[in-house]
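Novice:
In our numbering, the protein residues as written are 1027 to 1122.
Structural data, given as structure tokens:
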């Protein structure tokens, strides 16, 4: 189970997010942020995804094969999943 505070701390390296936010609200904020980036600042979107190490091939597959979600929702979920994986890896190797 991912520590929400660690997740927020990691995500706040790329985006301004409130410290006391639920994971569900965090997702909503990121979906709106990614909607903006897709429409208005695509180079920054690519930079954020690259810096977060979101797998481009996995994301492309998700975008092509996921129904019932917007592009921003798919990107936000992939971004959050990657950040959660980082937190879990850090916890595993730091003994926490």
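Ideal placement from N, C-alpha and C gives every residue a C-beta, glycine not left out.
On the criterion of 16 or more Cβ atoms from any shown chain inside 10 Å, does residue 1083 qualify as buried, or is it exposed?
Specialist: Classification for residue 1083: exposed.
Novice: Can you tell me the Cα-Cα spacing of residue 1036 and residue 1113, whole angstroms?
Specialist: Cα to Cα, the separation comes out at about 8 Å.
Novice: Do you know offhand how far residue 1027's Cα is from residue 1088's?
Specialist: Confidence at residue 1027 is low in this model, with a pLDDT of 47, below 50, so the placement of that residue should be treated as unreliable; the coordinate-derived value is given next. In a straight line, the C-alpha of residue 1027 is about 23 Å away from that of residue 1088.
Novice: Classify residue 1102: buried if its beta carbon has 16 or more other beta carbons within 10 angstroms, exposed otherwise.
Specialist: Buried, since its Cβ has 16 or more Cβ neighbours within 10 Å.
Novice: I need the DSSP call for residue 1044, collapsed to helix, strand or coil.
Specialist: Note: residue 1044 maps to coil in three-state DSSP.
Novice: Exposed or buried, what is residue 1073 when buried is set at 16 or more other beta-carbons lying within 10 Å of its beta-carbon?
Specialist: Per the 10 Å Cβ criterion, exposed.
Novice: Name the two residues that bound the continuous alpha helix (DSSP H) containing residue 1039.
Specialist: Where residue 1039 is concerned, there is no enclosing alpha helix (DSSP H), given that its DSSP letter is neither H nor E.
Novice: Can the beta-carbon of residue 1041 be found closer than 8 Å to that of residue 1059?
Specialist: In contact: residue 1041 and residue 1059 (Cβ atoms closer than 8 Å).
Novice: Could you check if residue 1123 is buried or exposed, using at least 16 other CB atoms within 10 Å of its CB as the buried criterion?
Specialist: Residue 1123 is absent from the structure shown; the chain starts at 1027 and stops at 1122.
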